[in-house]
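J.: Position in the sequence shown (first residue = 1) + 1 = this note's numbering. Beta carbons are placed, not taken as given, at the ideal position from N, Cα and C, and that holds for glycine. Because the structure is a prediction, the values reported are computed rather than measured.
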Amino acid sequence: MLGWLPGSILRSIFESGIFLMISIGLTLTLSVIKLPNFAHAEFLTIGAYTSLVISQVLPNNLVVIILASFLTAAILALAVHNTVFKPLINRKSSAYILVLASFAAAQFIRYSVFVAGSLGGVLSAHPLITVTPIVYIAGQALTNIYLATLIVALSSTILLSLFFKYTLIGKCMRAVSSNTTLAQLSGIRIGYIVSVMWILAGGLGGVGGALLSPYVTVTPALGFNLLLEIFAVVIFGGLTSFVGTIIGSLIMGFAENTFMDFLNIYFGVPYTYTQLIPFSLIIIVLLVKPTGFGVSYSANKALRRFFKGN
């Protein structure tokens with residue numbers, strides 16, 4: 002009667018790892034510069050397309066694919082910062098302008114990928130990465146990609162948290178987050194610190210796209226289709242908490258898989274309603290527990306602080 006459960010749980014854990022990988026970069030962005038960057042999902046798309054291209058030359062070389070995806074998405078993130086956000090911030094543009102700019106940047110990247118994909122004949126494709134079962138658990142295969150996703154996601158989050166807390170650059174990031182003016186007066190190179198943040202945020206999103214790519218059809222809309230889930234995860238975590246992002250990823254992964262399987266099997270709820278879950282979770286968290294499940298300040302407070310210009 003519960004034969005579906007082990008496979009569903011394994012799938013939920015895998016998707017939780019993917020959600021963690023594609024969301025942790027946005028958590029970092031919100032932690033340091035408090036920008037709800039809607040272009041973040043496009044870093045995921047770029048990572049997936051990098052995986053697609055590299056796998057044509059080096060099929061199944063997962064290490065090279067992950068490193069290349071990180072590098073490509075990191076370069077894109079840094080370019081977006083230098084060409085879009087940095088000039089606007091230097092002009093002291095309002096928070097609303099920055100959010101609109103992130104929407105515009107996302108659209109520009111998405112349609113640029115669409116054009117490039119059309120010209121290159123890879124508008125919709127699968128990377129040459131073989132999904133290999135390692136062991137079977139209750140009939141469900143634990144694959145090499147499942148295992149790599151969990152290892153990379155957890156290690157990246159732990160290392161990022163330690164980096165943010167204990168390294169000099171991480172402490173400078175926290176100082177910039179707390180008070181940009183005071184940090185600058187203290188001699189911290191704001192531009193350098195923010196650039197490092199963009200490299201890490203974009204690169205991690207790109208790795209998430211690379212790990213997801215073997216299981217989906219890579220298209221220019223890949224990241225955009227996951228944008229709502231990404232924001233739901235970070236809102237669950239309190240927007241700026243790495244531990245909270247882990248919790249939010251687990252909740253999202255199990256809600257969209259095990260919970261939906263339960264509703265479908267026992268109540269006949271169609272899987273098309275899965276897209277309602279992130280909407281519902283965002284509303285519930287903001288109304289009932291705006292602090293999220295992380296250790297940071299509340300999501301409502303963070304958003305209010307951003308739109309008031311700190």
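Can you list, in chain order, the residues of its chain whose CB lies under 7 Å from that of residue 20, leaving out five sequence neighbours each side?
T.: 230, 234, 250, 253 and 254
J.: Taking the alpha-carbon of residue 118 as reference, which of 49, 14 and 18 has the nearest alpha-carbon?
T.: 49
J.: Taking 7 Å as the threshold (C-beta atoms), are residue 85 and residue 106 in contact?
T.: yes
J.: Do the CB positions of residue 73 and residue 51 come within less than 7 Å of each other?
T.: It is a contact, given that the beta carbons lie within the stated cut-off.
J.: Can you list, in chain order, the residues of its chain with a C-beta nearer than 7 Å to that of residue 102? Leave out the 5 residues immediately preceding and following it.
T.: 85, 86 and 89
J.: Assign residue 168 to one of two classes, buried (16 or more other C-beta atoms within 10 Å of its C-beta) or exposed (fewer than that).
T.: exposed
J.: On the criterion of 16 or more Cβ atoms from any shown chain inside 10 Å, does residue 147 qualify as buried, or is it exposed?
T.: buried
J.: What's the gap between the Cα of residue 262 and the Cα of residue 159?
T.: 30 Å
J.: Tell me which residue opens and which closes the alpha helix (DSSP H) that residue 137 is part of.
T.: Counting along the chain, no alpha helix (DSSP H) covers residue 137; the unbroken beta strand (DSSP E) around it starts and ends at 134-138.
J.: Run through DSSP, which three-state label would residue 299 get?
T.: Note that residue 299 scores a pLDDT of 46, beneath 50, so its modelled location is shaky; the value from the coordinates is reported in the next line. Coil, per DSSP.
J.: Rounding to the nearest angstrom, what Cα-Cα distance links residue 64 and residue 78 in this structure?
T.: 21 Å
J.: CB residue 205 to CB residue 25, shorter than 7 Å?
T.: yes
J.: CB-CB under 7 Å to residue 71, same chain, minus the five flanking residues each way: which ones, in chain order?
T.: Excluding sequence positions up to five before and after residue 71, its CB lies within less than 7 Å of the CB of 204, 207 and 208, all in the same chain and listed in chain order.
J.: Tell me the DSSP secondary structure of residue 124 in three-state form.
T.: In the structure shown, residue 124 falls within a coil segment according to DSSP collapsed to helix, strand and coil.
J.: Pick from 31, 36, 12 and 4: whose alpha carbon is nearest that of residue 238?
T.: When each option's Cα is compared against that of residue 238, the closest is 31.
J.: Quick one: Cα of residue 184 to Cα of residue 165, how far?
T.: Rounded to whole angstroms, residue 184 to residue 165 spans 16 Å at the Cα level.
J.: If I'm right that residue 202 touches residue 27 with Cβ under 8 Å, what's the distance once you round it to whole angstroms?
T.: Approximately 7 Å separates the beta-carbon atoms of residue 202 and residue 27; this is inside 8 Å, confirming the contact.
J.: Our contact map puts residue 144 next to residue 132 with C-beta atoms below 8 Å; I'd like the distance itself, whole angstroms only.
T.: Indeed they touch by this definition, with Cβ atoms about 5 Å apart.
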